[in-house]
Structure formats: C-alpha cells, structure tokens
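Asker: Sharing a structure with you now.
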Amino acid sequence: MNFARLKPLAAALGLVALTGCAAVSQLNAVATPTDLYTLSPKSTFSPSLPNIPAQLVVETPSATAEVSGDQIVVKPTALQVQYLPGVRWVDRAPLIVQKLLIESYENTNRVPAVGNSVIGLRADYYIVPEMREFQAAVPPNAGPDAALVVQVRLNVKIVEAVEDRIIASRSFEETTISASDAAADVVSAFDEALGDVMRDSVEWSIRTIAAQPARREMPLRRSDAPDRQDE
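In the working numbering, the protein residues as written are 4 to 234.
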C-alpha cells in the first residue's frame, strides 16, 4: 500500500472535517435566539398637573430609516451607524415609543381618553411625535474604555383636530450614560432617557391643552339637524 498517497488524502479529509465543524458552528451561531428588549412607560408626574376635558390620539412617531427598525442603534461616529449584535427591540422603535406615550398619558389620570388612530377614537387633539435621536453613541475623542451615551430626542407637535392646525411644537432631549457596553446596561440607559423625555413632553402637552380657550360648539349643518314634525 502506498502510504505516501494516503497522507495527503488524510490531510484533505481532516480539512473537510474541520470545514464542516466551522459550518456547523456558524449555523449554530445563526440559530442562537436573539435577546429581545422593551422599555417602560412613565408613571410618575407632577401632582399639579391639570385635568383636561379632551380626547387625545397619539400618532406613530416619524423617524429616519436608521432608527425606525427593531435594531438598537450605536453610532461610533456622527456619520457612522452600527447596531448592537445579538439584540433587538421587541417591535419597531417608533411603535414602542407610541405605545409607551399612550400608556404614559393614561398613567397621569388627567386625560379622559387616549389611544391611537386605529381604535377609531374621536380626537380633540392629535399628538404628533418625531424621533430625531434614538441611539447610543461613542463620545467624541473617547478612549477605548469610554462608556456609551444614550441620546433620545423627540419633537412633539399638538394639532387641534377640528381646525387641523398646530397649536404648539417643542423638542425634548435627554442623555444618559450607560454603565457599560453590555446590552442590558445600554437598554437601561435608553429606558431612563426615554422616561425623562416622555414625562416632560406629556406634562408640557397637557398643560398646553389645558391653557387653550374653551372650544365653541360647532353649529349643526342643515343635513345634521333633527327633523321636526308638524304638530
């Protein structure tokens, strides 16, 4: 038997086996479940917050493509976008923010009804948010061990429903330093920053609506007037 010919063959088979193991390892990595994270609504507000006799509809926040998905954004530089590996939000980020804003308004106990446009609520005012910042970032000129900074900025517009006009607009921004670059710590920083932004924006919008003059009843159109029967 020619052992000289068997040595290259054995080496080749070993390479195939190693390649197969690498492929299996890659498949296992792909099949590893992704960690899912969510955030919490705000539940504490100023006791001086007024009641408003108005129903609110919170629109889905608009957002750029980089933050409108379910991946957690990390920006190493101002012009570079990356995502935390192996983790995702439980839903698209704008839908999470919309849901949490609705729950935060409900938690104030100052609004008779609040929801999204899907449920068919007849709105007195629309809350129209825009997500301008929703990412973790590496501080400029930071060293290799620098902590990530979470940046959350919302612009909120209040639209009067009957006249379809913007009565107020304001931006709210918070930054929170993450305890580490571990996903759980980064998400905790998101939760703190977004919570502060939601508290400030919810209180501002309620006070703004409360300061609006009482709306006059709209006159009935002829077609809406009840029929009168001759006596």
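Ideal Cβ positions, reconstructed from N, Cα and C, are used throughout, including at glycine. All of these numbers come straight from a predicted model, not from anything done at the bench.
Excluding the five sequence neighbours on either side, which residues of its own chain have a C-beta within less than 7 angstroms of the C-beta of residue 111, listed in chain order?
Answerer: These residues qualify, in order along the chain: 48, 52, 205, 209.
Asker: How would you label residue 161, buried or exposed, when you count the other beta carbons within 10 angstroms and need 16 or more for buried?
Answerer: Classification for residue 161: buried.
Asker: Closest to residue 71 by CA distance: which of 144, 107, 172, 134 is it?
Answerer: With distances taken between Cα atoms, residue 71 lies closest to 134.
Asker: Measure the C-alpha to C-alpha separation of residue 216 and residue 144 and round it to an integer number of angstroms.
Answerer: Roughly 50 angstroms between the two C-alpha positions.
Asker: Relative to the C-alpha of residue 172, which candidate in 44, 163, 99 has its C-alpha closest?
Answerer: Among 44, 163, 99, the Cα nearest to that of residue 172 is on 163.
Asker: In the DSSP assignment, find the alpha helix (DSSP H) that holds residue 104 and state where it starts and stops.
Answerer: Its alpha helix (DSSP H) spans residues 96-111.
Asker: Taking the Cβ atom as the reference point for each residue, do residue 126 and residue 58 lie within a distance shorter than 9 angstroms?
Answerer: Yes, these two residues count as a Cβ contact at 9 angstroms.
Asker: Kindly indicate which residue of 158, 180, 93 has the alpha-carbon position closest to the one of residue 201.
Answerer: When each option's Cα is compared against that of residue 201, the closest is 158.
Asker: Classify residue 118 as helix, strand or coil using the three-state DSSP reduction.
Answerer: Residue state, collapsed to three classes: strand.
Asker: Quick check on residue 194: does DSSP put it in helix, strand or coil?
Answerer: Here residue 194 sits in helix by DSSP.
Asker: Assuming the contact rule is C-beta atoms closer than 8 angstroms, residue 155 and residue 142 should be a hit. Round their C-beta distance to whole Å, please.
Answerer: Not really, about 16 angstroms apart at Cβ, beyond 8 angstroms.
Asker: What does a CB cutoff of less than 7 angstroms around residue 67 pick up in its chain, not counting 5 residues either side in sequence?
Answerer: So no residue of the chain qualifies.
Asker: Can you tell which of 76, 55, 92 has its C-alpha closest to the C-alpha of residue 86?
Answerer: Nearest of 76, 55, 92 to residue 86, Cα basis: 76.
Asker: Give me the Cα-Cα distance between residue 169 and residue 212, rounded to the nearest whole angstrom.
Answerer: So the two alpha carbons sit approximately 12 angstroms from each other.
Asker: Residue 198: buried (16+ other C-beta within 10 angstroms of its C-beta) or exposed?
Answerer: Buried, since its Cβ has 16 or more Cβ neighbours within 10 Å.
Asker: Does residue 166 pass the burial test, meaning 16 or more other C-beta atoms within 10 Å, or should it be called exposed?
Answerer: Residue 166 comes out exposed.
Asker: With a threshold of 16 other CB atoms inside 10 Å of the CB of residue 121, please say whether the residue is buried or exposed.
Answerer: Burial call: exposed.
Asker: Identify, in the order they occur along the chain, each residue of the same chain with its Cβ nearer than 6 angstroms to the Cβ of residue 132, setting aside the five sequence neighbours on each side.
Answerer: Here the set comprises 64, 157, 159.
Asker: Using beta-carbon positions only, say whether residue 175 and residue 148 come within less than 9 angstroms of one another.
Answerer: No.
Asker: Do you know how far the Cα of residue 38 is from the Cα of residue 137?
Answerer: Between residue 137 and residue 38, the C-alpha separation is close to 19 angstroms.
Asker: Considering only residues of the same chain and omitting the five flanking positions on each side of residue 235, which have a CB-CB separation below 7 angstroms?
Answerer: Past the edges of the chain, shown from 4 to 234, lies residue 235, and the structure says nothing about it.
Asker: Let's test the definition: count the other Cβ atoms within 10 Å of the Cβ of residue 97 and tell me whether it reaches 16, buried, or not, exposed.
Answerer: Label assigned to residue 97: buried.
Asker: If we count the other Cβ atoms within 10 Å of its Cβ and call it buried at 16 or more, is residue 80 buried or exposed?
Answerer: Exposed, by the Cβ-count rule.
Asker: So is residue 41 buried or exposed if we call it buried at 16+ other beta carbons inside 10 Å?
Answerer: Under this definition residue 41 is an exposed residue.
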